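S.K.: Residues 1246 to 1604 in my numbering are what the sequence shown lists, from first letter to last.
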Amino acid sequence: MERRRITIFDTTLRDGEQSPGIALQPHEKAEIAEQLELLGVDVIEAGFPASSPGDFEGVREVARTVGRATVAALARTRREDIEAAAEAVAGARRSRIHVFIATSPLHMERKLGLEPDEVVEQVRFAVACAAAGAHEVQFSAEDATRSDPVFLARVCREAIAAGATTVNLPDTVGYSLPGEHADFLRQIRLRCTELDRVVLSVHCHDDLGLAVANSLAGVDAGAGQVECTVNGIGERAGNAALEEIVMALRVRADASDAETGVVVGEIGRASALVSRLTGYSVQRCKAIVGANAFAHEAGIHQDGVLKDVSTYQIMDPEELGLTMTLPLGKHSGRHAFARACADAGIELSRDELNHAFTR
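1. Just how far apart, CA to CA, sit residue 1268 and residue 1313?
2. Helix, strand or coil for residue 1490 per DSSP?
3. Tell me the DSSP bridge mates of residue 1385?
4. Which residues share a DSSP beta bridge with residue 1292?
5. Pair every Cβ in the region 1247 to 1264 with every Cβ in the region 1277 to 1286, then say whether three or more of these pairs are closer than 8 Å.
6. Comparing alpha-carbon positions, which option in 1433, 1533 and 1333 lies nearest residue 1415?
7. Could you tell me the boundaries of the alpha helix (DSSP H) in which residue 1283 lies?
8. Just to check my reading of the structure: residue 1533 and residue 1569 have Cβ atoms closer than 8 Å, yes? What is that Cβ distance to the nearest angstrom?
9. Note down, in chain order, each residue of its chain lying with its Cβ closer than 6 Å to the Cβ of residue 1263, except the 5 sequence neighbours on either side.
10. Out of 1584, 1574 and 1447, state which residue places its alpha-carbon closest to the alpha-carbon of residue 1604.
11. Going by Cα to Cα distance, which pick from 1325, 1323, 1304 and 1326 is closest to residue 1316?
12. Hey, how far is the Cα of residue 1552 from the Cα of residue 1577?
13. Would you mind listing the beta strand (DSSP E) stretches within the region 1465 to 1550 that are 3+ residues and don't spill past its ends, in chain order?
14. Beta-carbon separation of residue 1435 and residue 1467 under 8 Å?
15. Under 8 Å between the Cβ atoms of residue 1447 and residue 1408?
16. Do you know offhand how far residue 1452's Cα is from residue 1361's?
17. Identify whether residue 1340 lies in helix, strand or coil by the three-state DSSP scheme.
18. Please report the residue range of the alpha helix (DSSP H) in which residue 1267 lies.
19. Give, in chain order, every unbroken run of the beta strand (DSSP E) that is at least 3 residues long and sits entirely within the region 1399 to 1462.
20. So, helix, strand or coil for residue 1256, using DSSP?
21. Looking at the strands, I want to know which residues DSSP matches up with residue 1250.
22. Distance, Cα to Cα, residue 1346 vs residue 1572?
Laid out in structure tokens, this is it:
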């Protein structure tokens, strides 16, 4: 079966950096960007140039550093934002301006103070303006999943007509459930057939712990791009975790027609680098990259993996640049204890081993 190639849009340096307390210096953004290139991501969203001089310099440094991946910069529908984004990514081999505006009734009324027709006009202007300043234009309808489908389809149609090459429909506040999210995307595609001519993207937040599940549901519903971050960092409860999406598609290739270009052997290094430079430690039980992800203490589990690792592991940690561990604790069994002794060069008879294990 021929598999669809999913674009991985990494927003660790933009949405990830918006996590409270993270403030990356330009050279740190460039260092992470280099690792993201080794990881094989397709698009690196480097920041929001108009938000501060420091972020502008960070985006520009990434644009100068990256050799293969597309470099994206975020912009509101304001001319000054778009001009700052265009200037910041000008040095990139391949550049993208990512324009966004909210489309839900709540955001339009309470946050923007705009009528729907005014939002449409801003989309039309901003996308056309951005198209003149970069190789690619991405449009995002903020709070898309709480927007009126008819209006959202209209906005998407206008963005595509103005030159958007990617249209992103974010679950900005992590509100969706997976089945609902897939139905939402299918409904918008039916109402706006122009979406078939561009790349449909999903960007899911983890407020209900469903960011990865919703992203995978989006892929099943036809999305060709997934937006994610290393270690799942991001606003509030975070974003969909890159490593989880990539490995879910890889391990469950039987259940999906999609694949990515991520080099999985770089996942461990990318996770460690992002954790070190952001100061955000990785939860021990975090899938894929957590310290416990490939650790087995329970005796039954230890016995199983020592006989056949596939009894309790569905991934090879070495393939990810990680290692399996068999920590000794109150739950450990004789098999693992004997293995630990042997690994430490301690030779024990059967009786000595049993006595030591009992102690």
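We put the CB at the ideal spot given by N, CA and C, even for glycine. Since we're looking at a predicted model, the values are computed, not measured.
M.R.: To lay it out plainly:
1. 25 Å
2. helix
3. 1345 and 1413
4. 1318
5. yes
6. 1433
7. 1271 to 1284
8. Residue 1533 to residue 1569, Cβ: 13 Å. No contact.
9. 1480
10. 1574
11. 1304
12. 15 Å
13. 1470 to 1473
14. no
15. no
16. 27 Å
17. strand
18. It is not in any alpha helix (DSSP H) - residue 1267 carries neither H nor E in the DSSP assignment.
19. 1411 to 1413 and 1444 to 1448
20. coil
21. 1504
22. 49 Å
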